[in-house]
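The block underneath contains the structure these notes are about, expressed in structure tokens.
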Amino acid sequence: MHWHCASGLQAGALTANRAQIMEYISTRGSAPALTFEGATLAGLACDGGLYVPVEWPRFSEAEIAAMAGLPYAELAAKVMQPFVGDCLTPERLLELTTQAYGRFDHKAVTPLVQFDEQHWLLELFHGPTLAFKDVALQLLGPLFEEFLSRSDRNLTIVGATSGDTGSAAIDAVANRDKVNIFMLHPKGRVSEVQRRQMTTVLAPNVHNIAIDGSFDDAQAMVKRMFNDAAMTDRFSIGAVNSINWARLMAQVVYYFASAVQLGAPHRQIAFSVPTGNFGDVFAGYVASKMGLPVARLLVATNVNDILHRALTSGDYSAGTVTQTAAPSMDIQVSSNFERLLFDLGGRNGAAQAEQMAGFEKTRAMRLTNAQTQGASALFTSVRADSDDMSQAMHWAWKNCGELIDPHTACGVHAARSAGIDPSIPVVTLATAHPAKFNDPVERATGNRPMLPARVGDLFERQERYDELPGDYAAVTDYVARHATPRA
Ligand SMILES: *Cc1c(COP(=O)(O)O)cnc(C)c1O
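So the sequence shown is residues 18 to 504, counted in our numbering.
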């Protein structure tokens with residue numbers, strides 16, 4: 018794919034050119050630097066890269082110690098402020114986090130549950146659509162509205178979902194001013210709960226599209242649209258998947274929240290993270306760069322194990338997607354891995370662009386020595402097959418009385434088999450509510466998890482969505498007919 022940056026993008030209020038604000042640069046080196054506001058609205062950089070902060074802000078030990086006991090919304094504002102720079106005042110940021118996290122069903126927002134002496138579960142699924150993606154997207158919705166209200170822009174959000182991003186994004190932006198959302202899901206490859214959580218939102222700015230093909234096919238079409246001048250000239254296209262920096266930023270918060278509860282900064286903590294697009298676990302890497310004492314990050318994959326192969330042998334080569342009971346991890350190309358490779362490779366945009374161009378041509382690349390060594394200093398990968406997932410669900414239920422979903426099961430499998438020193442607490446991120454995937458949970462445990470009351474009538478609600486062939490022209494034609502052109 019050939020990427021180009023329109024020269025008009027070099028100027029304008031959202032281009033970062035003042036010294037006191039946090040700048041965002043592209044991993045591929047040739048897109049203009051942007052402010053937080055610019056990076057949030059842009060999503061993907063115009064050179065095909067991903068935005069990252071120009072440097073990692075760092076908290077001192079005393080600052081981390083002072084985070085203990087803060088309400089979640091306050092902690093979130095504190096952790097995110099250095100990334101936001103002067104795009105929001107601290108007071109306004111706190112209002113937005115209070116609004117976002119007030120919609121969660123648990124007062125602690127992301128409660129920590131103890132399995133046994135060493136193992137903990139961080140429940141990230143108490144948001145409106147029952148998966149961890151709510152933690153970031155409930156904030157992204159108000160951020161979009163805030164930034165769009167400052168201009169006469171409107172935003173056309175185009176996204177692809179393997180299940181959970183779609184519903185969380187739709188909930189976050191439904192009925193918001195100046196935003197239209199087009200969400201592609203692979204037809205028949207998301208669970209019924211996942212599909213209904215998207216298609217039963219009947220707001221006029223929400224457009225659900227079922228595509229013939231896999232998640233990777235849908236994601237490739239979305240990426241292509243970002244670089245299609247015929248579309249980007251007419252529409253201001255934005256992203257809600259984890260290529261959007263603001264999402265990763267919001268996910269850094271719960272690493273701090275849980276680690277501080279378990280004794281950080283005076284104690285090291287390990288995390289086990291069910292991984293697909295490498296967004297969630299990259300947020301853990303950011304937390305460690307910011308000074309959190311992270312002993313290890315376990316990259317838990319299912320049999321779609323490109324990351325496991327990359328981290329164990331330096332071979333990042335995409336195979337074909339295998340469907341599993343953890344569909345949100347049925348991914349071969351992990352977009353956010355590029356952010357890690359860029360950081361570990363010495364932040365050389367030209368070299369990163371070349372490495373990614375090679376990958377886009379052949380669907381395979383080798384990591385450099387610096388990238389392999391840098392990754393192994395913090396990351397360990399563990400792959401779970403379907404037996405491992407069932408056994409982990411069974412173990413959590415029989416030994417701890419906890420029902421966990423198949424994605425979380427990959428994390429628990431990794432946490433229990435990675436050989437982490439017993440003195441180090443291991444926190445597994447529980448990425449989805451078990452009721453979202455009740456069939457495999459019931460098969461493994463003999464127990465069918467109940468949907469929480471807030472979504473109880475999901476199966477009675479009316480659905481609305483359109484079906485399209487896995488054909489780029491059909492999708493762009495659909496978007497062009499329903500979206501609002503740039504002002
Ligand atoms: C999205 C998702 C994942 C994978 O997260 P990434 O940030 O893409 O690595 C894991 N589990 C669930 C339930 C998800 O929805």
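Think of the CB as a built atom: it goes at the ideal place given N, C-alpha and C, for glycine as much as any other residue.
The structure presented is a predicted model; accordingly, all values stated were derived computationally and were not measured.
Own chain residues within Cβ distance below 6 Å of residue i, not counting five before or after
i: H143; result: F121, D122 and H123
i: F396; result: L314, V316 and L328
i: F354; result: F295
i: S352; result: I260 and N294
i: L219; result: R481
i: A177; result: L201, A235, Q236 and V239
i: P466; result: L420, P451, A452, N455 and V458
i: D181; result: A148, K150 and S345
i: G183; result: M200, H202 and M215
Near ligand 1: residue i beta-carbon under 6 Å from a heavy atom
i: H499; result: no
i: M266; result: no
i: S289; result: no
i: G60; result: no
i: H143; result: no
i: H424; result: yes
i: F354; result: no
i: F476; result: no
i: M346; result: yes
i: F53; result: no
i: G301; result: no
Three-state secondary structure assigned by DSSP to residue i
i: N244; result: coil
i: G176; result: strand
i: D483; result: strand
i: S168; result: coil
i: P159; result: helix
i: I260; result: coil
i: R35; result: Because R35 sits at a pLDDT of 46, beneath the cut-off of 50, its placement in the model cannot be relied upon, and the point is left open.
i: T425; result: helix
i: R52; result: Going by the sequence as given, residue 52 is Thr instead of Arg. Coil at T52, not helix or strand.
i: Q349; result: coil
i: A370; result: helix
i: R9; result: Missing from the structure shown is residue 9; the chain here goes from 18 to 504 and no further.
i: Q131; result: strand
i: H123; result: coil
i: Q27; result: Note that Q27 has pLDDT 40, beneath the 50 cutoff, so the model's placement of it is unreliable and no number is given.
i: H224; result: strand
i: D229; result: coil
i: L67; result: strand
i: R471; result: helix
Close beta carbons around residue i, own chain, < 7 Å, minus the five adjacent residues each side
i: Y271; result: T127, L139, L141 and V152
i: T385; result: G362
i: A304; result: V269, Y272, F273 and V311
i: H424; result: P291, A343, S345, M346, T448 and A449
i: N34; result: Low confidence applies to N34: its pLDDT is 48, below 50, so where it sits in the model is not reliable, and the reading given next is rough at best. Cβ neighbours of N34 beyond the five flanking positions: none.
i: G158; result: A189, V190 and R193
Rounded straight-line distance, which links the Cα of residue j to that of residue i
i: T493; j: M248; result: 8 Å
i: P291; j: G428; result: 5 Å
i: Q131; j: F149; result: 19 Å
i: D474; j: V190; result: 21 Å
i: R213; j: C22; result: 38 Å
i: K240; j: A48; result: 16 Å
i: P457; j: E209; result: 13 Å
i: F476; j: C417; result: 30 Å
i: T57; j: A263; result: 6 Å
i: S231; j: H202; result: 8 Å
i: T462; j: V443; result: 23 Å
i: S345; j: L357; result: 21 Å
i: A125; j: R380; result: 42 Å
i: P439; j: W137; result: 13 Å
i: V71; j: W412; result: 43 Å
i: E484; j: G205; result: 11 Å
i: Y333; j: D322; result: 10 Å
i: G29; j: T173; result: Since pLDDT at G29 reaches only 45, below the 50 mark, its modelled position is unreliable, and no value is offered.
i: L160; j: V207; result: 28 Å
i: R478; j: L279; result: 42 Å
i: A490; j: V350; result: 23 Å
First through last residue of the beta strand (DSSP E) which encompasses residue i
i: L139; result: H136 to E140
i: I81; result: Unbroken run through I81 is the alpha helix (DSSP H), E78 to A82; no beta strand (DSSP E).
i: A317; result: V311 to T318
Element boundaries [alpha helix (DSSP H), containing residue i]
i: R109; result: P107 to Y118
i: P203; result: It is not in any alpha helix (DSSP H) - P203 instead sits in the beta strand (DSSP E) that spans V196 to P203.
i: S407; result: S403 to C417
i: H499; result: Y489 to H499
i: R251; result: R251 -> no alpha helix (DSSP H), and no H or E assigned at all.
i: D181; result: D181 to V190
i: L328; result: I323 to S330
Cβ neighbours of residue i in the same chain (closer than 8 Å, five flanking residues each side left out)
i: I38; result: T52, F53, G102, D103 and C104
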